[in-house]
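S.K.: Below is the structure I would like to discuss, written out as structure tokens.
In our numbering, the protein residues as written are 44 to 93.
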């Protein structure tokens, strides 16, 4: 199964969230909820196939 690890940080580099999923819609929704409160996010996507 191909999983993607998402790491979310704000503009200052403060860690906000990290999760792994194979559902891009779920990731978009979860990141969107954070973006409501912190609009300038950095999202790093990396393969997580352990």
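Beta carbons are placed, not taken as given, at the ideal position from N, Cα and C, and that holds for glycine.
Which residue's Cα is closest to the Cα of residue 86: 51, 46, 62 and 47?
M.R.: As a first step, residue 86 must be located in the chain shown, where it is residue number 43. The shortest Cα separation from residue 86 among 51, 46, 62 and 47 belongs to 51.
S.K.: Run the CB neighbour count on residue 80, radius 10 Å, all protein chains shown included, and call it buried at 16 or more, exposed below.
M.R.: Indexing the chain shown from 1 puts residue 80 at position 37. Under this definition residue 80 is an exposed residue.
S.K.: What separation, rounded to the nearest whole angstrom, lies between the Cα atoms of residue 63 and residue 55?
M.R.: Indexing the chain shown from 1 puts residue 63 at position 20. Indexing the chain shown from 1 puts residue 55 at position 12. Going from the Cα of residue 63 to the Cα of residue 55 covers about 23 Å.
S.K.: When you compare the CB positions of residue 47 and residue 65, do they come within less than 8 Å of one another, or not?
M.R.: Locating residue 47 in the chain shown gives position 4, counting from the first residue. Locating residue 65 in the chain shown gives position 22, counting from the first residue. Yes, these two residues count as a Cβ contact at 8 Å.
S.K.: Going by beta-carbon coordinates alone, are residue 60 and residue 83 separated by less than 8 Å?
M.R.: Indexing the chain shown from 1 puts residue 60 at position 17. Indexing the chain shown from 1 puts residue 83 at position 40. Against a cut-off of 8 Å, the Cβ pair of residue 83 and residue 60 comes out as no contact.
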